[in-house]
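Read in order, the letters of the sequence shown are residues 1365 to 1706 in the working numbering.
Each residue gets a CB set at the ideal place from its N, CA and C atoms; glycine is no exception.
Because the structure is a prediction, the values reported are computed rather than measured.
Note sheet for the following structure.
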Amino acid sequence: MDQELVSSWPNVQFVPDSYVRPPEERPGKLVLSSCKTNIPVVDLEGHDETQIILHIMKATKDFGFFQAINHGVPKVLMDEAMAVFKEFHAMTEKDKTSEGSKDPSRNCSFYRSSKNYQTEDVHVWRDVLTHPCHDPLEEHMKFWPAKPTRYRDVVGKYVVELRKLGEKILELLCEGLGLGASYFSSTGLSGNPVLLVNHYPPCPDPSLTLGLIRHMDPSLITILLQVENGLQVFKDGEWIAVEPLPHAFVLNVGLVLQIISNGKLKGAEHRAVTNSTLARTSAAFFIYPCNDIVIEPEKALTNACNPPLFRSMRFKEFQSNFLSRYANSEAVLQFLSTGHKH
Ligand code: OGA
Ligand code: NI
């Protein structure tokens, strides 16, 4: 049974050993007090852009995370996209595998646990569909699932909206950092958005396993659509549960933005826990740089008193080194560091 997708196990009664996390990583009894269930909520509508920028900068500095409301993405489209993501994951294993394996280069792919399934010591309780979302969409959309039949149509519209929202948030963050508003779009730094549709089936004992281990995202920013509980953010030594707000997006700063801002904005570690009764589906839209783009602290943000904290490297070099250290943020930061401290 270990060879199949978690979602294909009928009425699984126990967590197989290969999914039991070491004790120090386990989510424990999953009791979180209600005061630990809040990240800031930012209203993106309104006329006072300066206030919005201040609010976003404060939220990202304090938490690395916030929930965005009045973000401009049509609610109906969010509902349709989530429905089609759930429909995809509800298909048979055979259909999911064939619909998710059309791309010979595997940029569009469907897999269980993580891309390191063969080498990881312990698996996580999830299945994943991922594919690129950059322009021109028509070029790679032929590798996206053709089943459910409305997948390409709905998700095509959805990613166009999410790219707009991503640019808007990045422009606000740029202004907050004192960089020109088009800094990211004009440099190719935000040119490679990728969608990851996570599916976490119900788990017989959520205290033993995880849907996604503690990690930081290797993106500029990530925009998450979620309906069910399960996301947790690590802050000041504790896990905060992020309660889904209807039609809100969860935004977080990734490591690439931490590097470019020279640590002025920081990513936060987060993870996903499972649930004993409900399946959970979440869609993470990662804004990545194009592969050959050099990522490094922006020179306008460094000087003799603020030396660059991070080394300069091409995004693809960053990404492969990140992947081999995925489970250990300290090792990631050590690899990236120039040795300078604040
Ligand atoms: C991710 C992620 C969280 C979630 O895909 O990187 O953090 O709630 N997902 O699925
Ligand atoms: Ni993440």
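query                                                                                                                                                                               : result
Helix, strand or coil: which one does DSSP assign to H1453?                                                                                                                         : helix
CB of N1639 to nearest heavy atom of the ligand OGA: below 6 Å?                                                                                                                     : no
Starting from the N-terminal side, write out each stretch of the alpha helix (DSSP H) that is 4 residues or longer and does not extend beyond the region 1581–1669.                 : 1619–1624
Count the other CB atoms within 10 Å of the CB of M1365; is the residue buried (16 or more) or exposed (fewer)?                                                                     : Low local confidence applies: a pLDDT of 46 at M1365 is under 50, so the model's placement there is unreliable, with the coordinate-based value given in what follows. Answer is exposed; the Cβ neighbour count stays below 16.
Which partner residues does Q1431 have in the DSSP bridge list?                                                                                                                     : V1405, V1614
If we cut at 7 Å on Cβ distances, does K1506 have a partner in chain C?                                                                                                             : Of the chains in the structure shown, none is chain C; there is only one protein chain.
DSSP on M1365, reduced to helix/strand/coil?                                                                                                                                        : Per-residue confidence for M1365 stands at a pLDDT of 46, beneath the threshold of 50, marking its modelled position as unreliable; the derived number appears in the next sentence. DSSP places M1365 in coil when its eight states are reduced to three.
Does the Cβ of K1378 have 16 or more other Cβ atoms within 10 Å, making it buried, or fewer, making it exposed?                                                                     : In the sequence as presented, Lys is not what sits at residue 1378; that position holds Phe. The residue is exposed, with fewer than 16 neighbouring Cβ atoms inside 10 Å.
Which residues, in chain order, sit with a beta-carbon under 7 Å away from any heavy atom of the ligand OGA?                                                                        : L1560, N1562, G1575, L1576, H1579, D1581, T1586, L1588, Q1590, G1594, L1595, H1634, A1636, S1646, A1648
On the DSSP bridge assignment, give the partners of M1319 in chain order.                                                                                                           : Past the boundaries of the shown model lies residue 1319; the chain is included only from 1365 to 1706, so the question cannot be answered.
For the candidate residues K1511, R1689, T1424, G1436, whose alpha-carbon lies nearest to that of M1455?                                                                            : K1511
Any idea what DSSP makes of H1704, helix, strand or coil?                                                                                                                           : coil
Leaving out five residues before and five after L1543 in sequence, what residues of the same chain have Cβ atoms less than 7 Å from its Cβ?                                         : E1662, A1664
Considering only the alpha carbon of each residue, which of C1669, S1372, I1577 lies closest to D1485?                                                                              : I1577
Exposed or buried, C1669, counting other C-beta atoms within 10 Å across all chains shown (16 or more means buried)?                                                                : exposed
For the region 1449–1508, which segments carrying the alpha helix (DSSP H) assignment without a break, of at least 4 residues, lie completely within its bounds, in sequence order? : 1457–1463, 1501–1505
Quick one: what does DSSP say N1375 is sitting in, helix, strand or coil?                                                                                                           : coil
For V1437, does the three-state DSSP call read helix, strand or coil?                                                                                                               : coil
Could you compute how far the alpha carbon of V1492 sits from the alpha carbon of G1575?                                                                                            : 11 Å
Under three-state DSSP, which class holds H1419?                                                                                                                                    : helix
Give me the DSSP bridge partner(s) of H1563.                                                                                                                                        : D1491, T1645
Is the number of C-beta pairs between the region 1672–1681 and the region 1601–1608 that are closer than 8 Å three or more?                                                         : no
Decide if P1438 is buried, meaning its Cβ has at least 16 other Cβ atoms within 10 Å, or exposed.                                                                                   : exposed
Which of the three DSSP states is assigned to R1516 in this structure?                                                                                                              : helix
Smallest Cα separation from L1541: which of M1421, E1413, V1405?                                                                                                                    : M1421
For S1372 and E1457, what's the separation of their Cα atoms in angstroms?                                                                                                          : 7 Å
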